[in-house]
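Accompanying notes for the structure given below.
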Amino acid sequence: PLIRSQDRHTGAPDIYSLTRNFRSVHSIVSLANALLTIQRERTGRSDDDGLQSTTLHGPTPVIVHGTEEEVAAKINDFGPRCAVVVLESEARDRLAKLLGSERVFDVQSCKGLEFDACVLWNPLGGDREVWERLLVSDEPMREDPVARRAIHHTYVAVTRARRYLGIFESTAEARALWETAPFRGQLESDNAAALSKFMVFAASPEEWESEGDYFLARQRFRQAAECFRRAGKPVRERESLAGHYASVHAFGKAAELYLELSMALEAAECYAEAGKHLQAAELFANSAEWGRAAQAFERHSRMKEAADCYTKAGQAEESTRCRLAYFESRKMWKQAAKLCRKLDRIEQAIGLYRRAGMRREADDLRLSHGTESAKPEELAKVLERRGELLPAAEYYERAGEIVQAARCRAEVATGKGDWEAAEKIWAGAGQDDRAKLCRAQGCRSRQEYYQAACVFHELRRTKESQECLAVATCKRGVAMREGMALRAKGEFLKAAWALEDAELYEIACNCLVRTSQSGDTPEVNEFVIREGMRAGRDELLKLVSNESESRTKLLAAAFCEERERMRDAAKFHCWAKQFEAAERCQLEIGPEKEVARIRALAAEDGQNWELAAEHWLEAKRMNKHHTCAARHLEARGAYLEAAEHYDAMGQNRKAQACREHAQTTSF
Numbered sequence: 048p049l050i051r052s053q054d055r056h057t058g059a060p061d062i063y064s065l066t067r068n069f070r071s072v073h074s075i076v077s078l079a080n081a082l083l084t085i086q087r088e089r090t091g092r093s094d095d096d097g098l099q100s101t102t103l104h105g106p107t108p109v110i111v112h113g114t115e116e117e118v119a120a121k122i123n124d125f126g127p128r129c130a131v132v133v134l135e136s137e138a139r140d141r142l143a144k145l146l147g148s149e150r151v152f153d154v155q156s157c158k159g160l161e162f163d164a165c166v167l168w169n170p171l172g173g174d175r176e177v178w179e180r181l182l183v184s185d186e187p188m189r190e191d192p193v194a195r196r197a198i199h200h201t202y203v204a205v206t207r208a209r210r211y212l213g214i215f216e217s218t219a220e221a222r223a224l225w226e227t228a229p230f231r232g233q234l235e236s237d238n239a240a241a242l243s244k245f246m247v248f249a250a251s252p253e254e255w256e257s258e259g260d261y262f263l264a265r266q267r268f269r270q271a272a273e274c275f276r277r278a279g280k281p282v283r284e285r286e287s288l289a290g291h292y293a294s295v296h297a298f299g300k301a302a303e304l305y306l307e308l309s310m311a312l313e314a315a316e317c318y319a320e321a322g323k324h325l326q327a328a329e330l331f332a333n334s335a336e337w338g339r340a341a342q343a344f345e346r347h348s349r350m351k352e353a354a355d356c357y358t359k360a361g362q363a364e365e366s367t368r369c370r371l372a373y374f375e376s377r378k379m380w381k382q383a384a385k386l387c388r389k390l391d392r393i394e395q396a397i398g399l400y401r402r403a404g405m406r407r408e409a410d411d412l413r414l415s416h417g418t419e420s421a422k423p424e425e426l427a428k429v430l431e432r433r434g435e436l437l438p439a440a441e442y443y444e445r446a447g448e449i450v451q452a453a454r455c456r457a458e459v460a461t462g463k464g465d466w467e468a469a470e471k472i473w474a475g476a477g478q479d480d481r482a483k484l485c486r487a488q489g490c491r492s493r494q495e496y497y498q499a500a501c502v503f504h505e506l507r508r509t510k511e512s513q514e515c516l517a518v519a520t521c522k523r524g525v526a527m528r529e530g531m532a533l534r535a536k537g538e539f540l541k542a543a544w545a546l547e548d549a550e551l552y553e554i555a556c557n558c559l560v561r562t563s564q565s566g567d568t569p570e571v572n573e574f575v576i577r578e579g580m581r582a583g584r585d586e587l588l589k590l591v592s593n594e595s596e597s598r599t600k601l602l603a604a605a606f607c608e609e610r611e612r613m614r615d616a617a618k619f620h621c622w623a624k625q626f627e628a629a630e631r632c633q634l635e636i637g638p639e640k641e642v643a644r645i646r647a648l649a650a651e652d653g654q655n656w657e658l659a660a661e662h663w664l665e666a667k668r669m670n671k672h673h674t675c676a677a678r679h680l681e682a683r684g685a686y687l688e689a690a691e692h693y694d695a696m697g698q699n700r701k702a703q704a705c706r707e708h709a710q711t712t713s714f
């Protein structure tokens, strides 16, 4: 019958307890009820199930006497649906070895199981002192946890049997406890042979396999393996052993067995639990478990393979994350930056471009995507590196960097030779010394040498001051006037020597060039320079200019190379348009920007304006860069882009002409 809870007023749900046992026979249920009665009367508590009844009938439980070895010999090789139960796990291992069977259970491991026949091994003898207090003495034991545990464990062991129950106690004292009043009439005494009647019998392979299935379904893997072995099923036996190894965290052994059984997925799971993520990943991938393969590859830091597997699993975001991690781990900053740019992670892409040394790409990305979030001074530096000095000046002004803004504007003015404008810009920024320097340069450019010398002296720039003052002195003036007079008479060679004394080297060089036009030959020119060099007059190199004969330039270059004056040699090679030789000389001494300048000149000579623009940018010659870039864009018909470069140089007319041409072309 069902007993309904009387506690209705609490609002708790109704609780029903089953009191009829449909599993065990009456004699076993009666013995279990006796244990519950002891628990209630001696400790003040009973199991939640309460006393039970049954309509099933069967043999009375038997208690046997004899030695442990005698009893073990009688039940050795016991059949399916049978088990031996001990109360403590330590005794389980010893008894399993004695009986040669894994179907020996302690109380904890047998919960949830049931058998047709069970033998309890020393159920009271293991806690004999506790049971003597419970059954023989009148000692109060209410709320005694040790006593409750002993009764509960024995109750669980008894209720594992459905039809047959045998009890073995190794000592006479323990057997005597079963004869006390609570158990009187519940057991029959017999010898060990009585156990073999219901424990030992012939069983078919099908029965053993069915028993193995029973244990396997309840994850009792060792017991399942034994049953499958006796059923002649070696594959299932090994599968059960693999499950056992996995259950005790011996994942390596489990994985090896699963692999032998061609159970790749189970092997992969075990490898993953064992921390062997690479083996797990490969097996997951072979099983098309792409998501799990990706996770295992990622744990093994194989980001490329993880990304590929995430892609196959349709997890695009995870794939991208792993691919980015792969690029960064290999320091493939360029590829990582491109991926971030594709994902619209602009700030991260900019940082990666910079790590890759691709400052230009980082700057382009900053200008095209990050103008709202970037700081003005950062944008100003970007524009300055690109040679867009006027826009850079505007951003410097927004950032309050007045001096930097003035520097950019002044550089534009000096690039156009407008020293007066540059002076005003520096003065407006409060940079008086720089303003004076621009004034001095302007005076010198207008050949106002005395005024220039005064300003240079005021700035304590002694060398420039002395140079300007020397030009203004009578001595240089006399030499200059003499040279000019000789040139007017057509005596170009003598004029060149006089002008060389006046340090007017360009005019002197022009006179040497004119020697061939007035009857002198280039050989005379070469002779003069060669003999002067042989005499140790290195200053004659100054007579060689870009307008000199090619043979003269090459002679000067060779002279400089002999004396390891590579900078001068590179200059003369450039003038002779021997750019490869010039680059070779410049590479020996650097710096890189001078090498870039020579490469730019070579590109200009071949009218490769795009390449020339790139090299001028490397050489930090922004006006040259913008000029070549504008020519390249005009040749391509990209007039609006060309106009931007002209604007950067302050050449407004050319910029306007390009824009008008662009409009005309569009119509």
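Sequential numbering of the sequence shown, starting at 48, is according to the working numbering.
Quick reminder that beta carbons are idealized off the backbone N, C-alpha and C, glycines included.
Contact between N238 and V76 does not hold, since the beta-carbon distance rounds to 26 Å and is not under 8 Å. With contacts defined by Cβ atoms closer than 7 Å, W225 and L234 form a contacting pair. A517 sits away from E529, with the two beta carbons spaced by 7 Å or more. Relative to T358, the option among L371, N333, F344, G338 whose CA is nearest is G338.
The alpha-carbon separation between A340 and K300 amounts to approximately 21 Å.
By the neighbour-count criterion, in which a residue is buried when 16 or more other Cβ atoms sit within 10 angstroms of its Cβ, Q710 is exposed.
Counting every other CB atom within 10 Å of its CB across the protein chains shown gives P192 a total below 16, marking it as exposed. The residue from G489, P127, W663, G684 with its alpha-carbon nearest to that of C675 is W663. Distance between V205 and V72, taken at the CA atoms: about 12 Å. Here A628 has H620 as same chain residues with Cβ atoms under 6 Å from its own Cβ, once five neighbours each way along the sequence are excluded.
For V118 and A311, the gap between their C-alpha atoms comes out near 45 Å. Straight-line measurement puts the Cα of R678 at about 12 Å from the Cα of E691. Counting the other CB atoms within 10 Å of its CB gives R646 a total of 16 or more, which places it among the buried residues. Judged by DSSP secondary structure, N238 falls within the beta strand (DSSP E) whose first and last residues are 235–238. In this model, R89 and P187 are separated by some 7 Å (Cα to Cα). If you draw a straight line from the Cα of V151 to the Cα of L306, it is about 29 Å long. Annotated as distal: A452 and E458, with beta-carbon spacing of 7 Å or more.
Here DSSP, grouped into helix, strand and coil, assigns R210 to strand. Rounded to the nearest angstrom, the gap between the Cα atoms of M246 and R70 is 19 Å. Apart from sequence neighbours up to five positions away, the residues of its chain that approach R128 with a beta-carbon distance below 6 Å are F162, D163, ordered along the chain.
S74 sits in a helix when the DSSP states are folded into three classes. DSSP places A249 in the coil class of the three-state scheme, outside both helix and strand. Under the DSSP definition of a beta bridge, V295 lacks any partner. Check the Cα spacing between F125 and each of R141, A289, L146: the tightest is with L146. Here DSSP, grouped into helix, strand and coil, assigns L167 to strand.
Residue pairing of C129 in beta bridges, as defined by DSSP: A164. One alpha carbon belongs to D465, the other to A616, and they sit about 32 Å apart.
Counting along the chain, the unbroken alpha helix (DSSP H) around H672 starts and ends at 669–683. DSSP, read as helix, strand or coil, puts V183 in coil.
Taking each of L288, L171, C455, F503 in turn and checking the Cα distance to A487, the smallest one comes out for F503. Distance from A272 to S294 at the Cβ level is roughly 12 Å; contact not present, criterion being Cβ atoms closer than 8 Å.
Between T101 and F230, the alpha-carbon positions lie close to 19 Å from each other. H200 sits in a helix when the DSSP states are folded into three classes. Comparing C-alpha distances from H104 to each of S74, E375, R222, P170 shows the shortest one belongs to S74.
The Cβ atoms of E467 and A482 lie no closer than 7 Å to each other. Residue burial annotation: S251 is exposed, with fewer than 16 other C-beta atoms found within 10 angstroms of its C-beta.
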